[in-house]
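Colleague:
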Amino acid sequence: MISLNNLRQFKADGRKFSCLTCYDASMAKAMEIAEVDSILVGDSLGMAIQGRDSTLAVTVEDMAYHTAAVRRGNQHAFLMTDLPFMSYATLNDALVSSKTVMQAGAQMVKIEGGAWLSETIEVLTRNGIPVCVHLGLTPQSVHVLGGYKLQAKTREAADQLIADCQAVVNAGAALLLLECVPAQLGREISELFPNVPVIGIGAGLETDGQVLVVQDMLGLTFGRVAKFVRNFMKEQSGETAIVDAFKAFHLAVQDGSFPAREHTFQVEL
Ligand code: KIV
């Protein structure tokens, strides 16, 4: 099973790693066969599985249920799980929520925010819970951000995001996930932290790993498709099509052909 240390080693070796969201055992098994490196049990399940219009209604129990199903289906990938909206608002909430998803099979929890999470990160890490911090477009704050849109578009906003990354890394964050930020910023942050792997979604080609929501990359998103999505199902056919789509994603991340320029936000900072 891939560990956090393996991800750190991948970064040190310059080997890009793949990550997909996953919520059930059969997709998890398909990802195991395709050798996808890591899985995020994302609170995007609120939209992708539960049909809601945001992630806000997802509960810790939902996350634990899907984490356990995914872990049963996949013994290969590094597995991280989102702590959902308001489940880490206090230190005690963060500990109790993390205990639930770690006992369900997660190897790491992911929380959304910035420097203000420092104490939470320190306490979780001290208690044996590795933490990934999701920055940039943070869907749990959609009503503060005013929609799902590109973040850190100016040098000043980019520097603020870098300062947040620095603070959470100082507090012990072991992984960073950047969503919807200029490609240049994705590169700058990945270069800044040699020991902390950075996963991107709409954060350019030069982050250490790439993640996509599984429904998006299988072409199961009906409606507006984000710029950073590529449909890997298009080129597949036959009964192994889904596994082949996962393999194609994994290989495209490794060989640097995904994301292409058209999937990235090119903003001069
Ligand atoms: O919940 C999720 O699926 C995520 C991805 C968008 C990275 O956080």
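According to this note's numbering, the sequence shown holds residues 1294 to 1562 in order. Positions of the beta carbon are idealized from the N, C-alpha and C atoms, including for glycine.
Relative to ligand 1, what is the chain-ordered list of residues with a Cβ closer than 7 Å to any of its non-hydrogen atoms?
Modeller: Thr1314, Leu1333, Gly1335, Asp1336, Ser1337, Thr1348, Asp1375, Lys1403, His1427, Pro1432, Leu1470, Glu1472, Ile1494, Val1504, Val1506
Colleague: My assumption, with CB atoms under 8 Å, is that proline 1475 sits in contact with alanine 1445. Please give the rounded CB distance.
Modeller: 6 Å
Colleague: For leucine 1376, which residues of its own chain have a beta-carbon under 6 Å away from its beta-carbon, when the five flanking residues on both sides are left out?
Modeller: Ser1390, Val1402, Ile1404
Colleague: With a Cβ-Cβ cutoff of 9 Å, do leucine 1443 and glutamate 1412 count as a contact?
Modeller: In this structure, glutamate 1412 does not lie closer than 9 Å to leucine 1443 by Cβ.
Colleague: DSSP has valine 1424 in a bridge; who is on the other side?
Modeller: Val1402
Colleague: Quick check: is the beta carbon of glycine 1339 nearer than 9 Å to any beta carbon in chain C?
Modeller: As a matter of chain content, chain C is missing from the structure shown, which is built from one protein chain.
Colleague: Could you give the first and the last residue of the continuous beta strand (DSSP E) run that contains phenylalanine 1310?
Modeller: 1310-1314
Colleague: Using the rule of at least 16 other Cβ atoms within 10 Å of the residue's Cβ for burial, across every protein chain shown, is valine 1426 buried or exposed?
Modeller: buried
Colleague: Is it true that the CB of threonine 1314 sits closer than 9 Å to the CB of glycine 1335?
Modeller: Cβ distance < 9 Å, so glycine 1335 and threonine 1314 count as in contact.
Colleague: Tell me methionine 1373's beta-bridge partners as DSSP assigns them.
Modeller: Leu1333, Met1401
Colleague: Are the beta-carbon atoms belonging to isoleucine 1342 and leucine 1372 less than 9 Å from one another?
Modeller: no
Colleague: Give me the Cα-Cα distance between alanine 1382 and valine 1394, rounded to the nearest whole angstrom.
Modeller: Roughly 16 Å separates the two Cα atoms.
Colleague: Which residues bound the beta strand (DSSP E) around isoleucine 1492?
Modeller: For isoleucine 1492, the enclosing beta strand (DSSP E) covers residues 1491-1494.
Colleague: Per DSSP, what kind of secondary structure is leucine 1443 in: helix, strand or coil?
Modeller: coil
Colleague: If you reduce the DSSP assignment to three classes, tell me which class glutamate 1328 lands in.
Modeller: Three-state DSSP puts glutamate 1328 in coil, outside helix and strand.
Colleague: Tell me, to the nearest whole angstrom, how far the beta carbon of isoleucine 1482 is from that of phenylalanine 1521; I am working on the premise that it is less than 8 Å.
Modeller: In fact, because the Cβ distance is near 16 Å, the residues do not count as touching under 8 Å.
Colleague: Pull up the DSSP beta-bridge partners for glutamate 1472, would you.
Modeller: Gly1429, Ile1494
Colleague: Going by DSSP in three states, glutamine 1453 sits in which element: helix, strand or coil?
Modeller: helix
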